[in-house]
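Chains as they are written, first to last, in our numbering: chain A, 1 to 498; chain B, 499 to 1007.
Notes to accompany the following structure.
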């Protein structure tokens, strides 16, 4: 039984504790919780800065769901949501890149004394060589010299300082101010004088010469090769789904969604493919494959019966990767088919990255990919890799596992919780992001091609002043993030725990 | 640990008190007012001048010091959101450079009609064309810090060197294209990438001015007479977009967005355009009188000329005029002192400073007619150019048509989106489709703003009734009372075309 004195002491300690927490609690309430609640209320109001501010007396009214219904019928909203989702297609590549970077950086790269000296000697020879070239007046190659010099420095630094040097270098984009890197990339993307196009131009010229020297029919065969590869991916994917289903690793939901993802590229191919008959042919083929899958599913005996949602997380990752692969092949096929015409029309030119509506989004994705590789994701993977028990690798070696087998059966499953966390966070950032990048580099253009939902919130809130509607867009975005996170949590988490 | 926290708390509190005690407002013996303006070194000189003017005009304390202290709140020209948020939150600067139309729509500007009359900065002290920009619903809300009119600066030496006819002061599209084609063909090496252009690119705000001037020269405006409907779903807007595309992609008179990105760093006033103009890579640049601020910094003085914006053949000469207008914030604690600053903007000392620094046109046109403006003794190479700018402002200047039913920023963005669709390579849409899309988007925005406010809807309905009357009169070939027309372009156009009723016959419908 507690005495009066001890109760007093507990109360006093509680009061002191609360006093210490008070600044944080006040900050949280003032800057997070209350604004959050207010913004939710705002989403159901007609708050328009032109009508409702401290100098305007028009009454603020509750408009129910009308901001949300307007949003759903607004073509701009869907277009900008599409832009946001398109940019998010870089996420899997970013995650793969950061994983690869983490694996490379977890290796001990420090060279022995001989290797260090060899690299330093080679570096000195290179630097002296480029110095002499510069003195001889070959200043045109200044950028090449600079890049060469930097590569030398990195190699020497890495050999001398070990992976710490590389880890720092890889992480550098993350702690460099965003706007500064965006301006840098704007320069890199400069169509006529930027180094990216300077590198692409000679290559494209050679490809153009090659295409010119080849009969058009032969070049266009490339499309068929791409389509065959695409179909190969589709068949492989469907077959895997069917196997997982039969083995009881996959439930109904995963099977249906996985099949839908896998067949999506073929279904929309008629919009991309230059020959419409091929598109129709693909549709027929996909229908046949689906019928085959359904027949196999219905008529084949299952070894184990899986619950409906079983294996959904893994299947989603699997089918998304294959879907993106199919889209890439489809796009490549279309480009190859049009190559002879493009060459005749004026040669192959590198893209006008930021001013061409078709290239502006990929340009931003490439930049985001660069930033993502050396981001916090890489650090998380590095931490995850250091926690993988060495015994597992030893056991795998004893079983005769090669490098890839070790990665697939040891590293990847061990990193599943980290990957799950990274996927969830990347999707959240992906849905919310893109504002700074678009504002600095393209101002949402050309013609709205790079306007993301967050940019849309900004223009609606601070350009037209419709705060109620902007809040509705924000909460819709939140709902999307919430649903995707819950989905990840429900299915991805199970996959992680498995 | 708790003592450590306590010490930290005390230190923070002391720092807070020290910060408050050292606040400039508390240290000043006289009231302090803030001026939200753009980042320019000229502003510091203008602040000093204001303080001197106060003393000269007797606005002093018993000790003979200025009765108010002016401080700068420097905000990037493009960053309008800061002013907007501060205004609606009640913490904006006392005086701010802003779009009067946009801020008036928010209701955050002080009505200065009476002060303007008393202190001598009513609209009669500036360009007549700016009245619609400064006066809203019959009340005055601001006064120009300077006046902008955009013309083509001509690098006369470059034209002479290439043996190309120098652009005349007034011209039409045909002359513009003829001289332009001749210039680019002689200035560039055939078969190599084009590096020299007739003029700089029509992107960003320049594109807006280009398009507005182009459609107005054909008798079209962004809005109808009563500003109730966007009228850009018109062949004349589509023609203007097509012509702009032709100038970029067929005639190569000006760089495309991609070419511009390759040759221009875009930083500072007018970015790299002025350097490229100075070095002869651009034969002309489309810019204001303020270009001289930087052109005067170059070592070698240029032989300059000025051409007004070309018109369609037989078209209506016009030029979009605008003002960097200063307004007084409704929430200011020193509105009377802030109004004094606007009075200073109409004063001789301020206008002379603008004349000498070449920071656009002086707010009072009388100072654009003095010798120091027309023939600055230190810059004989500029003689003749200054007059061309003030002539353009006085004879051709027409303010922007700003509908009270849609934000000017939104209109500019939607027009820019439509322009982008035509100006990308390959184009995303035909000029006709883009024109129709722009008009539809702007009219949708109007519809949305009407849904939000019954008061606004009421005023819209009444203006639509007036528009019906105007349309009916025009259909019958009758004249229209000028007071029915709110659009500054149509007001001017109706007068020039003889479609406006004599002022005595003005009548409200």
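Just so it is clear, CB atoms sit at the ideal spot from N, CA and C, and this is done for glycine as well.
As the structure is a prediction and not an experimental result, all values here were calculated from the model.
Please list the partners that residue i has in chain A, where partner means a Cβ-to-Cβ separation under 8 Å.
| i | result |
| --- | --- |
| residue 604 of chain B | 49, 50, 53, 55, 56, 465 |
| residue 503 of chain B | 20 |
| residue 911 of chain B | 459, 463 |
| residue 588 of chain B | 54 |
| residue 582 of chain B | 49, 462, 465 |
Three-state secondary structure (DSSP) at residue i?
| i | result |
| --- | --- |
| residue 253 of chain A | helix |
| residue 1004 of chain B | For residue 1004 of chain B, the pLDDT reaches just 48, beneath the cut-off of 50, and the residue's location in the model is therefore unreliable, although a value from the coordinates is still provided. Residue 1004 of chain B: coil per DSSP, three-state reduction. |
| residue 638 of chain B | strand |
| residue 569 of chain B | strand |
| residue 588 of chain B | coil |
| residue 47 of chain A | coil |
| residue 646 of chain B | strand |
| residue 670 of chain B | strand |
| residue 515 of chain B | helix |
| residue 766 of chain B | Residue placement at residue 766 of chain B is flagged as unreliable, the pLDDT there being 42, under the threshold of 50; the coordinate-derived value follows with that caveat. Looking at residue 766 of chain B - three-state DSSP - the assignment turns out to be coil, as it is neither helix nor strand. |
| residue 500 of chain B | helix |
| residue 693 of chain B | coil |
| residue 732 of chain B | coil |
| residue 703 of chain B | helix |
| residue 921 of chain B | helix |
Using the Cβ count rule (16 or more neighbours within 10 Å means buried), how would you classify residue i?
| i | result |
| --- | --- |
| residue 774 of chain B | buried |
| residue 982 of chain B | buried |
| residue 567 of chain B | buried |
| residue 777 of chain B | exposed |
| residue 50 of chain A | buried |
| residue 187 of chain A | exposed |
| residue 54 of chain A | exposed |
| residue 353 of chain A | buried |
| residue 454 of chain A | buried |
| residue 862 of chain B | buried |
| residue 426 of chain A | buried |
Out of curiosity, what's the CA-to-CA distance linking residue i and residue j?
| i | j | result |
| --- | --- | --- |
| residue 738 of chain B | residue 713 of chain B | 7 Å |
| residue 749 of chain B | residue 839 of chain B | 48 Å |
| residue 503 of chain B | residue 511 of chain B | 12 Å |
| residue 988 of chain B | residue 554 of chain B | 43 Å |
| residue 534 of chain B | residue 883 of chain B | 31 Å |
| residue 264 of chain A | residue 189 of chain A | 32 Å |
| residue 471 of chain A | residue 80 of chain A | 16 Å |
| residue 772 of chain B | residue 817 of chain B | 21 Å |
| residue 6 of chain A | residue 17 of chain A | 16 Å |
| residue 206 of chain A | residue 596 of chain B | 54 Å |
| residue 256 of chain A | residue 465 of chain A | 44 Å |
| residue 288 of chain A | residue 150 of chain A | 54 Å |
Below 9 Å on C-beta distance, what does residue i contact in chain B?
| i | result |
| --- | --- |
| residue 453 of chain A | In chain order: nothing, as chain B lies at least about 17 Å away. |
| residue 446 of chain A | 755, 915, 918, 919, 921, 922, 926 |
| residue 354 of chain A | 755, 756, 759 |
| residue 16 of chain A | 500 |
| residue 357 of chain A | 918, 919, 922, 926 |
Check the Cβ of residue i against every Cβ in chain A and list those closer than 7 Å, keeping chain order.
| i | result |
| --- | --- |
| residue 647 of chain B | Near residue 647 of chain B there are no residues of chain A at all, since even the closest Cβ is about 25 Å away, more than 7 Å. |
| residue 953 of chain B | 58 |
Quick one: list the residues of chain A neighbouring residue i, beta-carbon separation under 9 Å, in chain order.
| i | result |
| --- | --- |
| residue 475 of chain B | Shown here, chain B extends from 499 to 1007; a query on residue 475 of chain B therefore has no answer. |
| residue 905 of chain B | 50, 463, 464, 465 |
| residue 684 of chain B | Chain A residues near residue 684 of chain B: none, gap ~21 Å exceeds 9 Å. |
| residue 833 of chain B | Under the 9 Å cutoff, chain A gives no residues; its nearest Cβ is about 13 Å from residue 833 of chain B. |
| residue 908 of chain B | 459, 463, 464 |
Can you list the residues of chain B that residue i reaches, using a CB-CB cut of under 7 Å?
| i | result |
| --- | --- |
| residue 46 of chain A | 950 |
So does the segment 92-104 of chain A actually touch the segment 379-392 of chain A, counting three or more Cβ pairs closer than 8 Å? yes
Give a yes or no on contact between the segment 966-984 of chain B and the segment 466-483 of chain A, applying the rule of three or more CB pairs nearer than 8 Å. No: fewer than three Cβ pairs fall under 8 Å.
Would you call the segment 928-940 of chain B and the segment 906-919 of chain B touching, i.e. three or more CB-CB distances under 8 Å? yes
When the Cβ atoms of the segment 891-900 of chain B are set against those of the segment 328-335 of chain A, are three or more pairs found closer than 8 Å? Taking a cut-off of 8 Å for Cβ pairs, the segment 891-900 of chain B and the segment 328-335 of chain A do not touch, as fewer than three such pairs fall below it.
Quick test of the definition: if touching needs 3 or more C-beta pairs under 8 Å, does the segment 642-655 of chain B touch the segment 795-803 of chain B? yes
Indicate whether the contact test is met: 3 or more Cβ pairs, each with one atom in the segment 582-593 of chain B and one in the segment 869-887 of chain B, closer than 8 Å. no
Any 3 or more C-beta pairs closer than 8 Å across the segment 360-372 of chain A and the segment 440-459 of chain A: Yes, the segment 360-372 of chain A is in contact with the segment 440-459 of chain A.
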